[in-house]
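Written out below as structure tokens is the structure these notes cover.
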């Protein structure tokens, strides 16, 4: 058990190091952007009719701590994020980023995870079936669906659904809440309203995730099915579901769990665009808002960091989960036999 | 007599068989891949479609009858429906395909939409090789800030276009609201999207070769550090990061400069997957017996890399490049679609897709969706060819199944 604890701790530190690296990269990129926060904010102000001098900018820079060296600013940013969970203030909007993101980020994370779960709950049975059956119609139709998922990017699908529903039902199905619930406090009615609208983004986000997952599961199962131990089991008289569940499906499970993190990454990629089309007001759309409207580097950095952090967390969890359920990995950690 | 004939025949067959085997055993890697690729029907179809689309993109100025920019707009046919050429109608058959003349009116009765009435008795015939707007067959010019950086490669000035029509203009895919020809725009969009993809893939490829190569060749702590950075970048969701970078392109930049930067950004973010593959190839190949054999024979490291390692995986790298191409195109499209990538004077598939976001389009101007079909065909063709190449490049693919 001690060794397992060691394993968990090493993995944990690796995850932290990855996050630090990511935060450094994100911070550097945000830094490379021309004009810093002070200039940006003041030019935004001057746009509204004020006069700005160079001294104003310098004073604002001092106030925001922008005159300090780059590495120190990064360290204080990371320190605040890691120890206080505080992303600081948004550059243009001048409100706390935590407040701005808070619930929105959780909702979008929830949407993405649900989409992922949906994708795998379709892809695993369908993939196993298509890899193990010799029915050409089934195989071809599953192949067709997965190619369609690749060629029809989510944003196109979202667009089509939205346009069609506007034309057919007169309701564009956009937004996560109806008008009357948009700013209401959480209540049972609001949850119900949310559910009645959230299925669409979940479906759209899950669409190409399902296509990808289907291909992965199918390829893995096809690989395992051809192996000798499956033939041996078959020779012993096992067949059908019993055989599949007991041997190849178990082996194929490990790489699938391993790939979850990257699948989440893919879903996150789709999120902002789908969010934009469906006019969801969660972090994906907020990111576009932050970028396109106001060039808000702090907010953008915080969102990218949060997205990456959830992927790193998922990777960490799947690593631990794999060690627990896969005896091969378990043994290699515990040493011996 | 009959016996000798049959032995001669079998001799011949054996000889042919031997020749076939010899050809197989002495074939280069690319030949083997091509032989396997040919057998894959869906990949071949994808390849043909891809070839057609790429040549449509490359020869876009020649194939498109009108200037895809605002300069080439047809003021008399804004938001016009596609004009399909016919060979015959109730007035009889014609060897030369023709389209009809039309007249357009708009009034309060039609909610100020243009109403087109077709005059079926007045035919306009298609012509080949008509002269039209001026273009360069080879045009790689780029207008960057500062005269020094301008790339100005233009050859073969020409005004000949594949087809046109005797009088007025022909719009195979209709026109958009300013009156630009959607057919011409689509062809140019394919070119732009492919060009962005090519530059992006090229940059990603160079970075991947250098970083993956260093990592795979030296191993040890260099490998560990580089791998950590690669993995860290791989966990960052690419599109939000693209957006973050693309949003900061100043608005006053020219379309070409934007185009170049979008490509560079795509390349800068796309390398980690490729780099990992290069490293894995290098690491697995490095420990192969043939490398050891070469080393035992006294070959220098440079010789081993050049003569043994590089040829062993160039084909795989090519395959990886093809596979990563559609993602570049998709990313460009997505970026332009949300308005952070290329912008309107440039014709790219993403810019074209931007036009279809209104319900008005679905109800009244369905031909705006034609570029969407081309976009899907392009991505699908790349995916099919990539999959086919990957299967063909894997020497164990046939034994596995």
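Protein chains in written order, with our numbering: chain A, 6 to 342; chain B, 382 to 782. Glycine included, C-beta positions come from ideal geometry on N, C-alpha and C. All values reported here derive from a predicted model rather than from experimental measurement.
- Item | residue 545 of chain B - DSSP class collapsed to helix/strand/coil | strand
- Give the secondary structure of residue 692 of chain B by DSSP, where H, G and I count as helix, E and B as strand, and everything else as coil. helix
- Assign residue 2 of chain A to one of two classes, buried (16 or more other C-beta atoms within 10 Å of its C-beta) or exposed (fewer than that). With chain A running from 6 to 342 in the structure shown, residue 2 of chain A is simply not present.
- Message: Mapping the DSSP letters down to three states, classify residue 562 of chain B as helix, strand or coil.
- Response: The answer is strand: DSSP assigns residue 562 of chain B an E or B state.
- Message: Looking at the secondary structure, which residues open and close the alpha helix (DSSP H) in which residue 766 of chain B lies?
- Response: 751–774
- In its own chain, which residues sit with a C-beta less than 8 Å from the C-beta of residue 433 of chain B, not counting the 5 before and 5 after it? A distance below 8 Å between beta-carbons, with the five flanking residues on each side excluded, links residue 433 of chain B to no residue of its chain.
- Message: Which of the three DSSP states is assigned to residue 450 of chain B in this structure?
- Response: coil
- residue 512 of chain B bridges to which residues according to DSSP? B/541, per the DSSP bridge assignment.
- Query: If you run the structure through DSSP and keep just helix, strand and coil, what is residue 458 of chain B?
  - Reply: Correct three-state label for residue 458 of chain B: coil.
- Query: By Cβ distance, which residues of its chain are closer than 8 Å to residue 144 of chain A, with the 5 residues on each side in sequence left out?
  - Reply: 135, 138
- According to DSSP, is residue 480 of chain B helix, strand or coil? strand
- Task: Give the interface partners of residue 222 of chain A over in chain B, defined as CB-CB distance under 8 Å, in chain order.
- Result: Chain B residues near residue 222 of chain A: none, gap ~16 Å exceeds 8 Å.
- Query: Is residue 617 of chain B helix, strand or coil when you go by DSSP?
  - Reply: coil
- Query: From the beta carbon of residue 27 of chain A, is the nearest beta carbon of chain B less than 8 Å away?
  - Reply: yes
- Message: Assuming the contact rule is C-beta atoms closer than 8 Å, residue 701 of chain B and residue 655 of chain B should be a hit. Round their C-beta distance to whole Å, please.
- Response: 6 Å
- Would you call residue 223 of chain A buried or exposed, if buried means 16 or more other Cβ atoms sit within 10 Å of its Cβ? It counts as buried.
- Query: Going by DSSP, what residues sit across from residue 319 of chain A in a beta bridge?
  - Reply: In the DSSP output, where bridge partners are listed per residue, residue 319 of chain A has none listed.
- CA-to-CA distance, residue 262 of chain A to residue 334 of chain A, given in whole angstroms: 13 Å
- Which term fits residue 342 of chain A, buried or exposed, when burial requires 16 or more other beta carbons within 10 angstroms of its beta carbon? Confidence at residue 342 of chain A is low in this model, with a pLDDT of 43, below 50, so its placement is unreliable and no value can be given for it.
- Item | Distance, residue 676 of chain B Cα to residue 382 of chain B Cα | Note on residue 382 of chain B: pLDDT 48, under 50, position unreliable in the model; the coordinate value appears next. Near 57 Å, if we compare the C-alpha coordinates of residue 676 of chain B and residue 382 of chain B.
- Any Cβ of chain A within less than 8 Å of the Cβ of residue 393 of chain B? no
- State yes or no: is the beta carbon of residue 134 of chain A nearer than 8 Å to at least one beta carbon in chain B? no
- Query: What in chain B is Cβ-close to residue 317 of chain A, meaning under 7 Å?
  - Reply: 616
- Query: Is the closest heavy atom of the ligand SAM to the C-beta of residue 319 of chain A under 7 Å?
  - Reply: What this structure holds is no ligand at all, so the ligand SAM is not there to describe.
- Task: Could you check if residue 438 of chain B is buried or exposed, using at least 16 other CB atoms within 10 Å of its CB as the buried criterion?
- Result: buried
- In three-state terms, what does DSSP make of residue 697 of chain B? helix
- Assuming residue 310 of chain A contacts residue 31 of chain A (C-beta within less than 8 Å), just tell me the rounded distance between them. Contact between residue 310 of chain A and residue 31 of chain A holds, since their C-beta atoms are separated by about 6 Å, short of 8 Å.
- Query: By DSSP, does residue 738 of chain B sit in helix, in strand, or in coil?
  - Reply: coil
- Message: Assuming contact is defined by CB atoms lying nearer than 8 Å, are residue 442 of chain B and residue 506 of chain B in contact in what I supplied?
- Response: no
- For the segment 129–169 of chain A, list the alpha helix (DSSP H) runs that are entirely contained and at least 4 residues long, ordered along the chain. Inside the segment 129–169 of chain A, DSSP marks whole alpha helix (DSSP H) runs of 4 or more residues at positions 141–156, from first to last along the chain.
- Per DSSP, cross-strand counterpart(s) of residue 499 of chain B: BP columns for residue 499 of chain B point to B/483.
- Item | Distance between residue 713 of chain B and residue 159 of chain A (C-alpha atoms, nearest Å) | Residue 159 of chain A and residue 713 of chain B have their alpha carbons spaced roughly 14 Å apart.
- Starting from the beta carbon of residue 612 of chain B, find every residue of chain A whose beta carbon is closer than 9 Å, and list them in chain order. 23, 26
- Cβ shell of residue 551 of chain B (< 8 Å), same chain only, five flanking positions each side left out: In its chain, beyond the 5 residues on either side, 446, 464, 466, 480, 505, 507, 544, 545 have a beta carbon closer than 8 Å to the beta carbon of residue 551 of chain B.
- Using a Cβ cut-off of 8 Å, pull out every chain B residue sitting near residue 142 of chain A, in sequence order please. Within 8 Å Cβ-Cβ: nothing; residue 142 of chain A doesn't reach chain B, min ~16 Å.
- Query: So is residue 563 of chain B buried or exposed if we call it buried at 16+ other beta carbons inside 10 Å?
  - Reply: buried
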